Each structure stands twice: as C-alpha cells, then as structure tokens.
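Number of protein chains: 2
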Amino acid sequence: MRRDVFQAIADPTRRAILVLIAARAMTPNAIAEHFDTSRQSISKHLRLLTECELVSQEQAGREIYYQLNASKMKEIDVWLEQFRKIWESRFNALDQVLYNMKKNKK
Amino acid sequence: MRRDVFQAIADPTRRAILVLIAARAMTPNAIAEHFDTSRQSISKHLRLLTECELVSQEQAGREIYYQLNASKMKEIDVWLEQFRKIWESRFNALDQVLYNMKKNKK
DNA sequence: TATATTTGCAACCGAATAGTTTCATAAATT
DNA sequence: AATTTATGAAACTATTCGGTTGCAAATATA
C-alpha cells in the first residue's frame with residue numbers, strides 16, 4: 002500500500018478529517034460523528050494518516066486524541082514550490098488564453 | 002471516475018509528467034520515453050490530467066503538444082493555505098515534541 | 001466483579017485504478 | 001497510392017481502495 006502525503010490527501014474524507022482536527026485534537030468517535038460513514042472506516046483513514054505522519058496520536062485513558070501534524074503538510078508545499086514561479090508569471094496557460102481572447106476582440 | 006487535482010497528483014507518474022512538461026510542452030511519445038511504461042499508459046494519464054485541466058493540448062500536424070496549466074495548481078495551494086498559519090506557528094505538533102524534549106531534560 | 005465504552009484489526013465485497021494488448025484514425029513520407 | 005508515424009480508444013486483467021460486518025482488547029463505570 003502506498004503511503005505518501007499525496008496519496009493521503011487524494012481522498013475527500015481524509016482531507017475533511019485533516020481540516021477538522023486542525024482546530025483541535027479529536028477522538029475517532031468524535032470525528033466519525035461529523036461524517037456519514039462508520040467509525041471503523043474513519044479508523045482506517047486515521048491509520049493511513051498516522052502511517053504517513055500527517056497526524057499523531059495521544060492516549061488519554063481509553064480515548065485516543067488525534068492531532069494534525071501540520072509540518073508534514075510542508076512536503077506538499079515544497080513540491081508545489083517548483084510550479085509557483087510559473088503560475089505567478091504572466092505566461093502560464095490561463096493567462097495566455099485570456100491574452101488571446103483580448104487580442105481577438107480588437 | 003473522480004477527476005479532481007488531488008486525485009490527479011496522487012499518482013507518482015502523473016506528478017513526474019507535470020514536472021517534465023513544466024519546462025516545455027511535449028508530445029506523448031516524447032513524454033513516454035522518460036518512463037518505464039507504455040505510450041498508451043502515458044496517454045491515459047494525459048487524458049486524466051486534461052480532464053481535470055492540469056494540462057492542455059495544442060495540435061501541430063499529427064503531433065499533439067501537452068503543456069502544463071500551472072494556474073490550476075493554485076487549487077492545491079489554496080487548500081494548503083488554511084494549514085500554512087499552523088505550520089508556521091511555534092505550536093505545531095513537531096515543535097511541541099521538541100519543546101517537551103527540552104523541558105524534560107531540565 | 002460484571003457491564004458498558006472506546007478503540008483497533010481482520011475478513012470480506014464491490015468499485016476504481018494503472019497497466020497491457022489490440023485496433024482505428026489521421027497526418028506525414030515514400 | 002502505399003507505407004510509416006503519432007495518437008487515442010476499447011477491452012481485458014491484476015491490484016488497490018473505501019467501505020461494511022464482526023470480533024478482541026483495554027479502560028472506565030456500576
């Protein structure tokens with residue numbers, strides 16, 4: 002099974018979990034209440050997120066609080082960095098389209 | 002079939018394609034030469050990337066040049082934005098761990 | 001101590017995914 | 001006109017994925 006951050010954020014439920022626990026650490030049960038799926042399926046998502054280090058656990062009695070490891074998100078940001086200079090320039094594909102539309106109006 | 006940018010960049014071959022054509026537009030054949038897979042499989046990746054608008058085509062005779070639509074990458078950046086303030090603060094998970102380690106040494 | 005609660009894990013299922021092989025189409029070359 | 005080249009699409013396959021159901025372990029509560 003592939004276990005990298007890119008694979009992890011591909012699933013919309015996992016992205017929602019990350020946003021949810023960004024505010025504060027939560028237990029699997031509490032997280033599952035926010036979704037239309039079973040607790041066990043959330044548990045599986047949390048395992049994957051843990052394995053790729055996007056979240057970490059903290060045990061409190063029989064409860065386990067899952068918290069976001071935001072610094073791991075930097076990996077995505079680092080990969081995006083190489084494209085940032087392109088989309089910030091005036092010569093990316095979209096700008097080119099808009100430029101051509103404008104030109105054709107004249 | 003899901004066709005969003007997050008799904009698109011989940012596959013390592015597709016990420017490599019995006020990096021490859023970021024420098025300059027390329028034909029499917031030229032792209033395929035850089036990988037250990039068939040031309041047809043690259044063609045399928047290009048179709049998916051086209052459908053989610055991460056790349057666009059430009060026909061030149063019987064050749065088709067695929068070019069990156071970098072501005073579409075912004076969608077990932079926008080989603081990442083909400084976490085940026087967290088990982089830039091001193092209170093993300095990793096900093097907390099380091100803080101605790103330091104504290105316990107005393 | 002008996003019971004309830006919180007959680008993870010394994011087995012299973014249907015759908016999606018990435019790849020291959022084969023074929024059709026269109027443009028360039030001979 | 002016949003052949004070669006560049007490409008996309010369809011059919012098929014093995015693997016992965018997301019979900020469910022059922023169960024076991026550990027902690028809290030009665």
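Protein chains in written order, with our numbering: chain A, 2 to 107; chain B, 2 to 107. Using N, Cα and C, we set each Cβ at its ideal position, and we do this for glycine too. Here the structure is a predicted model, which is why all the values come from computation and not from measurement.
Closest to residue i by C-alpha separation, out of the options, would be which residue?
i, options, result
"B:I87", "A:I18, A:W80 and A:K73", "A:K73"
"A:F84", "B:K75, B:R85 and B:V79", "B:K75"
"B:V6", "B:R40, B:L81 and B:R25", "B:L81"
"B:A23", "B:E89, B:L55 and B:V79", "B:L55"
"A:C53", "A:T38, A:A61 and A:A71", "A:A71"
"A:Q58", "A:I43, A:A26 and A:D37", "A:A26"
"A:T1", "A:I18, A:E89 and A:R40", "It is not possible to answer for residue 1 of chain A, since the shown part of chain A is limited to 2 through 107."
"A:Q60", "A:V20, A:T28, A:L21 and A:S90", "A:T28"
"A:I43", "A:G62, A:L21 and A:R63", "A:L21"
"B:E4", "B:L49, B:E89, B:R40 and B:G62", "Correcting the residue identity first, residue 4 of chain B is Arg in this sequence and not Glu. Closest by alpha carbon: B:L49."
"A:E89", "B:D78, B:T38 and B:S39", "B:D78"
Determine the contact status of residue i and residue j, defining contact as a CB-CB distance below 7 Å.
i, j, result
"A:R16", "A:H46", "no"
- What are the residues of the stretch 19-37 of chain A that lie near chain B, defined by any Cβ-Cβ distance shorter than 9 Å? Listed by position, the residues of the stretch 19-37 of chain A near chain B (Cβ gap below 9 Å) are L19, V20 and A23.
- Message: Quick test of the definition: if touching needs 3 or more C-beta pairs under 8 Å, does the stretch 54-68 of chain A touch the stretch 14-34 of chain A?
- Response: Segments in contact, yes.
- Three or more beta-carbon pairs under 8 Å between the stretch 4-17 of chain B and the stretch 5-22 of chain A, yes or no? The answer is yes - the stretch 5-22 of chain A touches the stretch 4-17 of chain B, with three or more Cβ pairs under 8 Å.
- Residues of the stretch 58-82 of chain B whose Cβ lies closer than 9 Å to any Cβ of chain A, in chain order: Hits within the stretch, in order: Q68, L69, N70, A71, S72, K73, M74, K75, I77, D78, W80 and L81.
- Which ranges does the beta strand (DSSP E) cover as unbroken runs of at least 3 residues, wholly within the stretch 16-73 of chain A, from first to last along the chain? For the stretch 16-73 of chain A, the full-length beta strand (DSSP E) segments reaching 3 residues or more read 56-61 and 64-69 along the chain.
- For the stretch 7-19 of chain B, which residues have a beta carbon sitting closer than 9 Å to at least one beta carbon of chain A? The stretch 7-19 of chain B vs chain A, Cβ under 9 Å: F7, Q8, A9, I10, A11, D12, P13, R16 and L19.
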